[in-house]
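In the numbering used here, the protein residues as written are 219 to 333.
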């Protein structure tokens, strides 16, 4: 069974940077796509960025130019580099992986940006 484990969240001042990591462990892991979503208190979970097996990427408009998603297939790990963070980026960030007939989530990591 595949598990996703996120790390790298924390508290940072506005304008600062954080790098999130999501490592997959378990049985054979060949996702078609991996991505990051976030959920602020009282709001729905929203897409932040995704990266496909062909390395194509997709970003929410709110993070374009500030966040970069990348993927190390050899390590079964996806990263989210977050720069120029804003207080409105504060949320729990969840890693996601999708394959043929399956879709799994990590436990989430808190990102808090102070003004």
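For each residue, glycine too, the CB sits at the ideal point set by N, CA and C.
Since the model is a prediction, treat every value here as computed from it, not as a measurement.
- With fewer than 16 other beta carbons inside 10 angstroms of its own, residue 323 counts as exposed.
- In the three-state reduction of the DSSP assignment, residue 272 falls in the coil class.
- Under the DSSP assignment, residue 221 falls in the beta strand (DSSP E) whose first and last residues are 221-225.
- With a beta-carbon spacing of about 13 Å, residue 280 and residue 305 fall beyond the 8 Å limit used to define contacts.
- Cβ atoms of residue 229 and residue 240 stay farther apart than 8 Å, at about 20 Å.
- Under the 10 Å beta carbon count, residue 259 is surrounded by fewer than 16 other beta carbons and is classified as exposed.
- Distance check between residue 290 and each of 298, 327, 265 places 298 closest, using alpha-carbon atoms only.
- In this structure, the beta-carbon distance from residue 274 to residue 250 does not fall below 7 Å.
- The beta carbon of residue 326 sits closer than 7 Å to the beta carbons of 224, 310, 311, 312 from its chain, once the five residues preceding and following it are set aside; these are given in chain order.
- Nearest neighbour of residue 330 by Cα position, chosen from 219, 220, 232, turns out to be 232.
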